[in-house]
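Structure, as structure tokens:
Residue numbers (this note's numbering): 5 to 135.
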């Protein structure tokens with residue numbers, strides 16, 4: 005059970021880039037950042053969290069966020085280990101989503117190349133639309 009004043013945690017990946025002279029990115033690095041939150045209120049269903057100033061005190065200008073205790077997905081967690089496990093689960097879900105999107109793009113590229121090959125072979129200036 006959580007108590008008022010407890011510290012909760014959330015980890016996120018953050019990307020930092022250094023631009024080059026041509027508008028691209030010369031260097032990009034990824035870091036894992038830890039955010040801390042202070043339990044400001046405990047209810048029968050969950051806790052209200054406020055961003056921490058890093059010393060276990062609530063940040064005075066932060067917006068409070070409610071986190072259900074029995075939720076499968078939580079914004080923040082009472083232990084650093086649970087927060088790290090949550091980050092890993094979110095990154096695995098992101099990998100699955102992006103892999104699916106990449107597979108669809110690869111399929112569209114292949115179909116487009118096939119259509120372009122048929123167009124080049126026909127060389128009559130028309131494209132057949134597959135349906």
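The beta-carbon is built from N, C-alpha and C at its ideal position, and this holds for glycine as well.
Counting only residues of its own chain and dropping the five nearest sequence neighbours on each side, residue 66 has a CB closer than 7 Å to the CB of 54 and 55. About 6 Å separates the beta carbon of residue 14 from that of residue 87, a gap short enough to meet the 8 Å contact definition.
Secondary structure note for residue 29: its beta strand (DSSP E) is the uninterrupted segment 29-46. The three-state reading of DSSP puts residue 95 in helix, counting H, G and I together.
Minimum Cα-Cα distance from residue 76 among the listed residues 84, 89 and 68 corresponds to 89.
The three-state secondary structure of residue 110, taken from DSSP, is helix.
The C-beta of residue 113 has fewer than 16 other C-beta atoms within 10 Å across all chains shown, which makes the residue exposed.
In the displayed model, residue 9 falls within coil according to three-state DSSP, outside both helix and strand. At a Cβ-Cβ threshold of 8 Å, residue 8 and residue 39 do not count as neighbours.
For residue 55, the enclosing beta strand (DSSP E) begins and ends at 50-55.
Residue environment: residue 122 is assigned as exposed (fewer than 16 neighbouring CB atoms within 10 Å of its CB, all protein chains considered).
A residue is called buried once 16 or more other Cβ atoms fall within 10 Å of its Cβ, and residue 106, having fewer, is exposed. Taking 8 Å as the cut-off, the beta carbon of residue 18 is found closer than this to the beta carbon of residue 37.
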